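Peer 1: If you scroll down you'll find the structure; I have some questions about it.
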Amino acid sequence: MLDWLGDLLRSTPGLALFACLAAGFALGRVRFWKITLGGVAGTLLVALAVGLLNVTLSPELRNVAFALFIFTLGYLAGPSFFAHLNRRALRYAVFTAIQVVTLVALVCLTTVALRLDQGTAAGLLAGGTTSSSVLGTAGEAIGALPVGPERVRELQSNLATSYSIAYIFSLVTLILFTSQLVPVLMRVDLREQASALWRKLGGEPERSESTARAVPGVVGRVYVVAAAHGRTMAQLAEALGDGAAVERLRRGGEITPFEPGTVLRSGDRLAVVGHRETLIHAERLIGPETLGTGRDPLSLDVVEVVITDPRYRGWTLEQLHRQVPPRGVFVTGLSRMEHDLPVKPSTDITTGDTVRLTGATHDLAAYTPLLGVRINPAVKADLSFIALGVVVGMLVGKLAMPVGGVPLSLGIGGGCLFSGLFFGWLRARHPTYGQYHPAAAQVIQQFGLATFVCAVGLSAGPAAITLMKRYGAVLPVTAVLVTAIPALLSLWVGSRLMKLPAPLVAGSIAGQQCSTPAVDAVREAAGNTTPLLSYTIVYAFSAVLLPLLGPLIVALSGALP
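So the sequence shown is numbered by UniProt numbering: it starts at 1 and just counts up by one.
Here it is as structure tokens:
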């Protein structure tokens with residue numbers, strides 16, 4: 001049976017790839033207590049098992065998949081990374097610095113103490129960061145070593161195996177540390193501090209992710225003028241406040257243009273759009289609510305806009321609302337690098353953030369250009385722009401400089417990462433071209449990384465068992481240490497020196513390792529999304545710097561005695 005299956009998969013490599021992806025992502029969704037491995041780690045484990053049948057994928061497919069993944073990673077992180085190069089945000093870069101310096105030092109010490117080869121050392125570092133991008137750049141660096149194809153295959157096999165072992169134990173350690181140990185060591189109630197921080201931002205208690213509004217937050221209503229008779233439109237707008245706006249006046253059965261000085265008359269019908277809690281009191285200010293005439297209905301649109309104007313860096317939503325007042329337009333969502341942020345008055349915004357706006361079509365058309373570029377849902381990806389970026393990245397990655405006998409280069413990973421950063425920044429500055437819809441980017445990023453990891457896992461083959469027998473429990477224990485020690489240092493710096501509240505400390509520690517599972521666990525423990533405020537900032541720095549550690553640790557471990 002196994003011989004037949006092996007022959008089938010070897011004769012059809014595409015079948016092996018998609019079988020590993022299907023089984024791996026299914027495994028990644030299985031929940032063990034509060035922990036899920038995720039599709040990429042699940043795919044690697046499945047590929048390691050299938051690799052025992054001597055099934056492999058072509059190196060060209062592996063390189064193309066990784067190039068797409070790493071370019072997309074840089075493209076998405078680029079606007080946020082450059083936007084955070086300011087005094088206010090740069091202080092959070094200390095968490096990434098702690099992660100990078102401590103992790104490299106610990107892996108180098110382990111390499112000397114245990115006499116690890118370059119593949120095992122790089123896999124330990126990649127797994128210790130729980131960052132699959134490091135696995136890719138390290139694999140490229142190993143592939144460029146002048147040691148012969150057999151030795152390269154052995155080192156890459158050790159890389160995949162040590163990564164998979166270290167990843168599992170590091171992920172468990174990080175999730176437990178951020179969601180459980182941080183509040184214990186800081187001697188605080190994480191949920192209580194998160195709630196206090198949420199109120200400080202100007203918000204009501206947040207609903208859990210399993211609940212939703214029974215009625216929408218932004219609505220439209222039609223009122224017959226009675227109480228507002230004799231008032232001007234400007235006076236009514238002042239009485240309604242910022243939470244609502246008059247969109248249409250119907251007088252004598254006909255839609256009538258109006259200005260701030262237009263005087264309202266009894267019997268006029270007003271179409272008003274605004275927050276539901278504001279419109280509850282509108283009947284007292286205007287007159288009774290009615291169903292309307294049914295003619296020429298007013299509809300509300302929802303659009304997503306990427307903030308590109310650099311003057312908004314460091315602004316809060318409240319400041320944006322005050323300095324650039326939106327008439328009839330309401331912010332109903334805010335996200336940064338695919339992570340939703342709380343829509344509260346004190347929430348910071350910056351270039352590269354995506355704002356979801358709700359309002360009438362003509363109001364949105366007037367307000368959207370003031371913020372940035374509207375995402376066109378019909379255009380998922382500008383493939384010419386993306387392909388050009390990958391070409392530039394591959395060319396940059398070919399540049400090499402010998403260090404200690406090792407050709408140290410950015411490779412495809414580093415080249416496409418920097419190309420992605422540049423093209424993402426360029427897109428933010430000139431948003432008329434290069435659209436890459438976040439949903440499309442997420443699919444490309446996940447598929448590219450999973451395909452690359454599958455290729456690495458399949459190539460490991462039977463050598464994985466040899467490595468596991470050689471080191472036994474040493475690798476898991478070391479993985480726990482290389483994760484816990486940087487986290488402890490960051491906890492001390494964040495709580496004692498920076499005086500950050502526990503949700504921001506935990507979010508920063510998850511961000512320094514770019515760990516989405518960890519921040520999800522922290523968010524669940526906190527009861528709201530306040531940990532994301534620091535996570536997204538630190539994530540932007542780590543997403544750029546961590547992939548560079550792959551070739552660095554390959555060079556260092558090869559030079560160590």
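Beta carbons are placed, not taken as given, at the ideal position from N, Cα and C, and that holds for glycine. A quick note: this is a predicted structure, and the numbers were derived from the prediction, not measured.
By Cβ distance below 6 Å, which residues in the same chain neighbour Tyr535 in space, the five residues on each side in sequence not counted?
Peer 2: As a working note, residue 535 is residue 535 in the sequence shown. Cβ within range, chain order: Gly507, Ala510, Gly511 and Val519.
Peer 1: Does the stretch 240-250 come within contact of the stretch 191-201, defined as at least 3 CB pairs closer than 8 Å?
Peer 2: No contact exists between the stretch 240-250 and the stretch 191-201.
Peer 1: How would you label Trp315, buried or exposed, when you count the other beta carbons within 10 angstroms and need 16 or more for buried?
Peer 2: By 1-based counting over the sequence shown, the position of residue 315 is 315. Per the 10 Å Cβ criterion, buried.
Peer 1: Determine the burial state of Leu18: buried for a count of at least 16 other Cβ atoms within 10 Å of its Cβ, exposed for fewer.
Peer 2: Here residue 18 is taken as the residue at index 18 of the sequence shown, counted from 1. Before going on, a small fix: residue 18 reads as Phe here, not Leu. With fewer than 16 other Cβ atoms within 10 Å, it is exposed.
Peer 1: Put Thr316 into one of helix, strand or coil per three-state DSSP.
Peer 2: Mapped onto the sequence shown, residue 316 falls at position 316. Here Thr316 sits in strand by DSSP.
Peer 1: By a C-beta neighbour count over all protein chains shown, 10 Å radius and 16 as the cutoff for buried, is Glu254 buried or exposed?
Peer 2: Position 254 of the sequence shown, counted from the start, is the residue given in the question as residue 254. Exposed.
Peer 1: Could you give the DSSP three-state label for Val188: helix, strand or coil?
Peer 2: Stepping through the sequence shown from its first residue, residue 188 is reached at position 188. Of the three classes helix, strand and coil, the one that applies to Val188 here is coil, per DSSP.
Peer 1: Who are the Cβ neighbours of Val134 in its own chain at under 7 Å, not counting the five residues just before and after it?
Peer 2: In the sequence shown, residue 134 corresponds to position 134, counting from 1. Contacts found: Leu125, Ala126, Leu546, Pro547, Leu549 and Gly550.
Peer 1: Check whether the Cβ atoms of Val224 and Thr290 lie closer than 8 Å to each other.
Peer 2: Your numbering for residue 224 matches position 224 in the sequence shown. Your numbering for residue 290 matches position 290 in the sequence shown. Yes.
Peer 1: State whether the stretch 494-507 contacts the stretch 472-485, with contact taken as three or more CB pairs (one from each stretch) at a distance under 8 Å.
Peer 2: Touching, no, given that fewer than three Cβ pairs across the two stretches are closer than 8 Å.
Peer 1: One question on the structure: do Asn54 and Gly6 come within less than 8 Å of each other, judged by their Cβ atoms?
Peer 2: In the sequence shown, counting from the first residue as 1, residue 54 sits at position 54. In the sequence shown, counting from the first residue as 1, residue 6 sits at position 6. For Asn54 and Gly6, yes; Cβs fall inside 8 Å.
Peer 1: Suppose the cutoff is 6 Å on Cβ atoms and the five residues either side in sequence are ignored; what does the same chain contact list for Ser11 look like?
Peer 2: To locate residue 11, count along the sequence shown from 1; it is residue 11. Here the set comprises nothing.
Peer 1: Given that a residue counts as buried once 16 or more other Cβ atoms are within 10 Å of its Cβ, and exposed if not, what is Gly252?
Peer 2: Taking the sequence shown and counting its residues from 1, one reaches residue 252 at position 252. Classification for Gly252: exposed.
Peer 1: Excluding the 5 residues preceding and the 5 following His437 in the sequence, name in chain order all residues of the same chain whose CB lies nearer than 6 Å to its CB.
Peer 2: As a first step, residue 437 must be located in the sequence shown, where it is residue number 437. Closer than 6 Å at Cβ, skipping near neighbours: Lys380.
Peer 1: Spell out the partners DSSP gives Val218 in its beta bridges.
Peer 2: By 1-based counting over the sequence shown, the position of residue 218 is 218. According to DSSP, which records beta bridges pairwise, Val218 is partnered with His275.
Peer 1: Using the three-state DSSP reduction, which class does residue 590 fall into: helix, strand or coil?
Peer 2: Residue 590 lies beyond the stretch modelled for the chain, which goes from 1 to 561, so this question has no answer here.
Peer 1: Can you give me the C-alpha to C-alpha distance between Gly42 and Gly28, rounded to a whole angstrom?
Peer 2: Walking along the sequence shown from the start, residue 42 turns up at place 42. Walking along the sequence shown from the start, residue 28 turns up at place 28. About 5 Å.
Peer 1: Check for me: the alpha helix (DSSP H) holding Ala26 runs from which residue to which?
Peer 2: Here residue 26 refers to the residue found at position 26 of the sequence shown. From DSSP, the alpha helix (DSSP H) with Ala26 extends over Pro13 to Gly28.
Peer 1: Contact defined as beta carbons within less than 8 Å: I believe Met186 pairs with Ser495. What is the distance between those atoms, to the nearest angstrom?
Peer 2: On the sequence shown, residue 186 is found 186 positions in, with the first residue counted as 1. On the sequence shown, residue 495 is found 495 positions in, with the first residue counted as 1. Sure, about 5 Å apart at Cβ, within 8 Å.
Peer 1: CA-CA distance, Tyr75 and Glu150?
Peer 2: Translated into positions along the sequence shown, residue 75 becomes position 75. Translated into positions along the sequence shown, residue 150 becomes position 150. Roughly 35 Å separates the two Cα atoms.
Peer 1: For Glu304, which residues from the same chain have a beta carbon less than 6 Å from its beta carbon, with the 5 sequence-adjacent residues on both sides left out?
Peer 2: Numbered from 1 along the sequence shown, position 304 holds the residue referred to as residue 304. Only Thr354, Arg356 and Ile375 meet the Cβ criterion.
Peer 1: Within its chain, find whatever has a CB closer than 6 Å to the CB of Arg221; leave out the 5 residues flanking it on each side and keep chain order.
Peer 2: Taking the first residue of the sequence shown as position 1, residue 221 is located at position 221. The residues are Val272, Leu279 and Glu289.
Peer 1: Restricting to Cα atoms, I'd like to know which of Gly287, Leu417, Ala77 and Arg115 is closest to Ala559.
Peer 2: Taking the first residue of the sequence shown as position 1, residue 559 is located at position 559. Measuring from the Cα of Ala559, the nearest candidate turns out to be Arg115.
Peer 1: Leaving out five residues on either side along the sequence, give the residues of the same chain with a beta carbon under 8 Å from the beta carbon of Tyr312.
Peer 2: Here residue 312 corresponds to residue number 312 of the sequence shown, with the count starting at 1. Closer than 8 Å at Cβ, skipping near neighbours: Leu320, Ile349, Thr350, Thr351 and Leu371.
Peer 1: Counting C-beta neighbours from all protein chains within 10 Å, is the total for Gly472 16 or more, i.e. buried, or is it exposed?
Peer 2: The residue given as residue 472 occupies position 472 in the sequence shown. Gly472 should be labelled exposed.
Peer 1: Under the three-state reduction of DSSP, which class applies to Ala249: helix, strand or coil?
Peer 2: Taking the first residue of the sequence shown as 1, we reach residue 249 at position 249. According to the sequence provided, residue 249 is Leu. The question's Ala does not apply to it. Leu249: strand per DSSP, three-state reduction.
Peer 1: Indicate the three-state DSSP secondary structure (helix, strand or coil) for Leu135 in the structure shown.
Peer 2: Looking up residue 135 in the sequence shown gives position 135. Looking at Leu135 - three-state DSSP - the assignment turns out to be helix.
Peer 1: What does a CB cutoff of less than 7 Å around Glu209 pick up in its chain, not counting 5 residues either side in sequence?
Peer 2: Within the sequence shown, the letter at position 209 stands for residue 209. Unreliable positioning characterises Glu209 in this predicted model, as indicated by a pLDDT of 42, which lies under 50. A coordinate reading is not provided.
Peer 1: Applying the criterion that 16 or more other CB atoms from any shown protein chain within 10 Å of the CB defines a buried residue, is Phe177 buried or exposed?
Peer 2: Sequence index remark: in the sequence shown, residue 177 carries index 177 (1-based). It counts as buried.
Peer 1: According to DSSP, is Leu124 helix, strand or coil?
Peer 2: Against the sequence shown, residue 124 aligns to sequence position 124. If DSSP states are grouped into helix, strand and coil, Leu124 belongs with the helices.
Peer 1: Starting from Val306, follow the beta strand (DSSP E) in both directions and report where the run begins and ends.
Peer 2: As a working note, residue 306 is residue 306 in the sequence shown. Taken as a continuous stretch (DSSP letters only), the beta strand (DSSP E) holding Val306 covers Leu300 to Ile307.
Peer 1: Taking the alpha carbon of Leu57 as the reference point, which residue from Ile444, Phe452 and Pro503 has its own alpha carbon closest?
Peer 2: Here residue 57 refers to the residue found at position 57 when the sequence shown is read from its first residue. Leu57 has its Cα closest to that of Phe452, out of Ile444, Phe452 and Pro503.
Peer 1: Give the DSSP-derived three-state secondary structure of Thr358 in the structure shown.
Peer 2: Taking the sequence shown and counting its residues from 1, the one referred to as residue 358 is at position 358. Residue state, collapsed to three classes: strand.
Peer 1: With DSSP collapsed to three states, give me the class of Arg213.
Peer 2: As a position in the sequence shown, residue 213 is number 213, starting the count at 1. For Arg213, the pLDDT reaches just 48, beneath the cut-off of 50, and the residue's location in the model is therefore unreliable, leaving the point undetermined.
Peer 1: Evaluate Gly51 with the Cβ neighbour count: other Cβ atoms within 10 Å of its Cβ, from every protein chain shown; 16 or more gives buried, anything less gives exposed.
Peer 2: The residue labelled residue 51 in the question sits at position 51 within the sequence shown. By the 10 Å Cβ count, Gly51 comes out buried.
Peer 1: Answer with buried or exposed for Lys344, where buried requires no fewer than 16 other C-beta atoms within 10 angstroms of its C-beta.
Peer 2: Numbered from 1 along the sequence shown, position 344 holds the residue referred to as residue 344. With 16 or more other Cβ atoms within 10 Å, it is buried.
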